[in-house]
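J.: Sharing a structure here in structure tokens format.
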């Protein structure tokens, strides 16, 4: 994919400057590094990872990239000694490196930092492209799917733990801390877990505050501390009877399950999204197609992997699904006066169907 | 600070495009948003935050920025309907927005994404600058200091918990997981906590592996899950008697306390660093001034806040301290054959002195 992109754009190198918090960088290098490092891959198969002196030995041991250089190896400290500031010394080091490799045209990803882009563009023909690794990450290997399964199982355990807690504890913050600590102890990092009672639930990204009443959206998307892979799961737990909420929830459950039954290789994500809209509209709810500010106001889903949100989009302008993709299906309905509901599963796309990784009953009522 | 920068560079706007994982964006907007959003501030005081439709109401409620627009408000969706891809629609929306505001020259920070930089540079004069918010973040408000105090107290609790554990548990990974889980349950996220026994302790960034023996560096820098603020603390715990280590530790304790006694408004960070070097050199240890690879090989400290490492540097080329800054003081000594030691406190700079936020005895011996 990278080689055809380089050929296509008549470029010699694709480069990234990022830390491993950047999923594409981590995927490309298979290396965990907390500070930004430089990665280049050439049309002739050359690959080089440049790290600080301190990280060099570890990179040689742990990274997939075979050729490792330290900034020192490339003359960075000589420039510092000449009195240059760190940023100028850094950009000059990389420019010299690329010149040594006879680069004329270079591709950089969308999120490449401006300070380096600006200097490279003064020396080379630089084109900004969508990161090809983001496309390569869409279809998962069996090993990656195992990682996502592993987190999915931890999620189901955490949800069961949450349901027990909810019988006696109703403070959002306490619930969130307890659930996240439960996962953390087991090796999973969950952040911004949504535990949103009636009042908070009308806003899809409100993580929830204060006392949980009426019903609660539980939306969790932890990553494994070891592998970095995520999974994503939502259930709405009904605490007190409320016909409006139950009707909304039933419509979302029907939409989710119909959508999941459509998932297989070859179907377009947009068709799944529009089917979800059809179902919700048939019950009188408004959707993204009416550009409403209430109702179903987000996409049906997204890919999941090293990032919680990654390609493909299950939305307007979606793409054809391929076996091995891992996606979420998550219809929701939000009304300021009533509150919000959402149900979500993470599923693997297969040749002729799909596999749900986050199996749990859809309708959850407290105390049943 | 931003207005003078804009005036200085003859620019009309400073803009950021980032999520709240970016400390400067979070600081500027006082808003937590997981996906990238657009922030602009003008030389006339105009301020605007552009978010997705879904985040608009929450942004209006929670963000410090008064004027909020959604992408839809600015015509994004019309461009999508015309068949433009999301990225082109996005960049065009922002370019039109800036033109409406009569922008001619725009400042962007170092880490501004290349895809947007490239398009803006085709329409405006764009200059890459160090993010002015990074300078504004240096002096903390009383509220920010309270947040850092809160984490500092949690750290002291975690260290006491660690000391008890250490009496029966000596595996670095187990100790790290237990301490980090202890904090997580209480609402604090500690990552890469250094629990480094004799063998690992010689490398300042080695988090420690295997069995802890001889002595152990405990270095922790959690952030509050709620506020995002960090604190930073290190103690070296002596497990077995070792004269070389104890001598190094005593020198570091003296250097730390002398340095802290110098901290007050008006002193330069460089003077503090050089005083630390003086003391360590007086005991025969090598320091950064000799460019040695052993001895005192890092800076004396750094600012702490929304990031663990932020401005100011307490090092060569440091700057004058101001009341309200929160900094670390952390002399350490590292010798490959002997191991390393370090002691560190986080302190608030005051008009005529300082306040230590991480109060704990300096010399810690196991079992005392």
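Residue numbers (our numbering), protein chains in the order written: chain A, 1 to 368; chain B, 369 to 736.
Note that the Cβ used here is the ideal one computed from N, Cα and C, for glycine as well.
1) List the endpoints of the continuous beta strand (DSSP E) containing residue 670(B).
2) Give me the Cα-Cα distance between residue 491(B) and residue 452(B), rounded to the nearest whole angstrom.
3) My understanding is that residue 676(B) touches residue 589(B), with C-beta atoms under 8 Å, so please give their C-beta distance in whole angstroms.
4) Quick one: is residue 768(B) buried, meaning 16 or more other Cβ sit within 10 Å of its Cβ, or exposed?
5) Between the beta-carbon of residue 93(A) and the beta-carbon of residue 71(A), is there less than 8 Å?
6) Take the Cβ of residue 712(B) as the centre, count every other Cβ of all protein chains shown within 10 Å, and call the residue buried at 16 or more, exposed below.
7) Along the chain, which unbroken stretches of the beta strand (DSSP E) at least 3 residues long are found entirely within the segment 490 to 556 of chain B?
8) Determine the closest residue to residue 695(B) out of 497(B), 702(B), 654(B) and 624(B), with distance taken between C-alpha atoms.
9) Applying a beta-carbon distance threshold of less than 8 Å, which residues of chain A neighbour residue 481(B)?
10) Could you give the first and the last residue of the continuous alpha helix (DSSP H) run that contains residue 648(B)?
11) Which runs of the beta strand (DSSP E) fall wholly inside the segment 200 to 257 of chain A and span at least 3 residues, in chain order?
12) Going along the chain, which residues of its own chain have a beta-carbon closer than 8 Å to the beta-carbon of residue 295(A), five neighbours each way excluded?
13) What is the DSSP secondary structure of residue 29(A), counted as helix, strand or coil?
14) For a contact meaning CB atoms closer than 8 Å, what does residue 297(A) contact in chain B?
15) With 16 as the cutoff for other CB atoms within 10 Å, does residue 181(A) come out buried or exposed?
16) Taking Cβ to Cβ, would you say residue 264(A) is nearer than 8 Å to residue 212(A)?
17) Identify each residue in the segment 273 to 301 of chain A for which the Cβ-Cβ distance to at least one residue of chain B is less than 8 Å, and report them in chain order.
18) Of all the options 705(B), 586(B), 397(B) and 556(B), which has the alpha carbon lying nearest to the alpha carbon of residue 661(B)?
19) Closer than 8 Å by C-beta to residue 102(A): which residues in its own chain qualify, once you throw out the five before and the five after it? Chain order, please.
20) Short of 8 Å in beta carbon distance, which residues of its chain neighbour residue 353(A), apart from the five on each side in sequence? Order them along the chain.
21) What does residue 485(B) touch in chain A if you count any residue whose Cβ is under 7 Å from its own?
22) Please report the residue range of the beta strand (DSSP E) in which residue 383(A) lies.
23) Please list, in chain order, the residues of the segment 430 to 455 of chain B that have any C-beta partner in chain A closer than 8 Å.
24) Does DSSP put residue 487(B) in a helix, in a strand, or in coil?
25) Provide the residue(s) that pair with residue 354(A) in DSSP beta bridges, ordered along the chain.
26) Using alpha carbons as the reference points, say which of 57(A), 104(A), 200(A) and 130(A) lies closest to residue 430(B).
27) For residue 416(B), list the residues DSSP reports as bridge partners.
28) Short of 7 Å Cβ to Cβ, which residues in the segment 395 to 409 of chain B face chain A?
29) In the DSSP assignment, what residue or residues form a beta bridge with residue 339(A)?
30) Could you tell me which uninterrupted alpha helix (DSSP H) segments, each at least 4 residues in length, are contained entirely in the segment 70 to 107 of chain A, listed from first to last along the chain?
31) In angstroms, rounded to a whole number, what distance separates the CA positions of residue 594(B) and residue 174(A)?
32) Who are the neighbours of residue 128(A) on chain B, taking C-beta pairs under 7 Å?
33) Counting only C-beta atoms, is residue 691(B) closer than 8 Å to chain A at any point?
34) Using C-beta distances below 6 Å, list every residue in its chain close to residue 132(A), excluding the 5 sequence neighbours before and after it, in chain order.
35) Any Cβ of chain B within less than 8 Å of the Cβ of residue 205(A)?
36) Closest Cβ-Cβ distance between residue 600(B) and chain D: below 8 Å?
T.: Quick answer:
1) Here residue 670(B) corresponds to residue number 302 of the second chain, with the count starting at 1. Looking at the DSSP string, the run of the beta strand (DSSP E) that includes residue 670(B) is 669 to 671.
2) Residue 491(B) sits at position 123 when you count from the first residue of the second chain. Residue 452(B) sits at position 84 when you count from the first residue of the second chain. So the two alpha carbons sit approximately 19 Å from each other.
3) Along the second chain, one-based indexing puts residue 676(B) at 308. Along the second chain, one-based indexing puts residue 589(B) at 221. Indeed they touch by this definition, with Cβ atoms about 4 Å apart.
4) Outside the displayed range of chain B (369 to 736) lies residue 768(B), so it cannot be described from this structure.
5) Within the first chain, the letter at position 93 stands for residue 93(A). Within the first chain, the letter at position 71 stands for residue 71(A). Taking 8 Å as the Cβ cut-off, residue 93(A) and residue 71(A) qualify as a contacting pair.
6) Along the second chain, one-based indexing puts residue 712(B) at 344. With 16 or more other Cβ atoms within 10 Å, it is buried.
7) 493 to 497
8) Position 327 of the second chain, counting from 1, holds the residue named residue 695(B). Out of 497(B), 702(B), 654(B) and 624(B), 624(B) has the C-alpha closest to the C-alpha of residue 695(B).
9) As a position in the second chain, residue 481(B) is number 113, starting the count at 1. Per Cβ cutoff of 8 Å: 110, 111, 112, 113 and 114.
10) If you number the second chain from 1, residue 648(B) lands on position 280. Element bounds for residue 648(B): 637 to 650.
11) 215 to 220 and 233 to 238
12) In the first chain, residue 295(A) corresponds to position 295, counting from 1. 280, 285, 286, 287, 333, 334 and 335.
13) Start at 1 with the first residue of the first chain, and residue 29(A) comes out as number 29. Note: residue 29(A) maps to helix in three-state DSSP.
14) Position 297 of the first chain, counted from the start, is the residue given in the question as residue 297(A). What residue 297(A) touches in chain B: 421 and 422.
15) Counting from one through the first chain, the residue named residue 181(A) turns up at place 181. It is buried - the Cβ of residue 181(A) has at least 16 other Cβ atoms within 10 Å.
16) Position 264 of the first chain holds residue 264(A). Position 212 of the first chain holds residue 212(A). No, the Cβ-Cβ distance between residue 264(A) and residue 212(A) is not below 8 Å.
17) 291, 293, 297 and 298
18) Taking the second chain and counting its residues from 1, the one referred to as residue 661(B) is at position 293. Looking at the Cα atoms, 705(B) is the closest of the given residues.
19) Within the first chain, the letter at position 102 stands for residue 102(A). Excluding positions up to five away in sequence, the list reads 12.
20) For the purposes of this step, residue 353(A) is taken as the residue at position 353 of the first chain. Cβ within range, chain order: 263 and 264.
21) Reading the second chain from its first residue, position 117 is the one you call residue 485(B). Within chain A, the residues near residue 485(B) are 114 and 117.
22) There is simply no residue 383(A) to check, as chain A begins at 1 and stops at 368 in what is shown.
23) 440, 445, 448, 453, 454 and 455
24) To locate residue 487(B), count along the second chain from 1; it is residue 119. DSSP places residue 487(B) in helix when its eight states are reduced to three.
25) Mapped onto the first chain, residue 354(A) falls at position 354. 349(A).
26) The residue given as residue 430(B) occupies position 62 in the second chain. Among 57(A), 104(A), 200(A) and 130(A), the Cα nearest to that of residue 430(B) belongs to 200(A).
27) As a working note, residue 416(B) is residue 48 in the second chain. Partner(s): 408(B).
28) 402
29) On the first chain, position 339 is the one that residue 339(A) refers to. Answer by DSSP bridge pairing, in chain order: 335(A).
30) 76 to 81 and 86 to 100
31) Within the second chain, numbered from 1, the residue matching residue 594(B) stands at position 226. Within the first chain, numbered from 1, the residue matching residue 174(A) stands at position 174. One C-alpha to the other measures close to 12 Å.
32) Here residue 128(A) is taken as the residue at index 128 of the first chain, counted from 1. Chain B residues near residue 128(A): 482, 483 and 486.
33) Within the second chain, residue 691(B) is the residue found at index 323, counting from 1. For residue 691(B), the answer is no, since every Cβ of chain A falls outside 8 Å of its Cβ.
34) Reading the first chain from its first residue, position 132 is the one you call residue 132(A). 1, 2 and 5, listed in sequence order.
35) Within the first chain, numbered from 1, the residue matching residue 205(A) stands at position 205. Residue 205(A) counts as touching chain B.
36) Absent here is chain D; the protein component of the structure consists of chains A and B.
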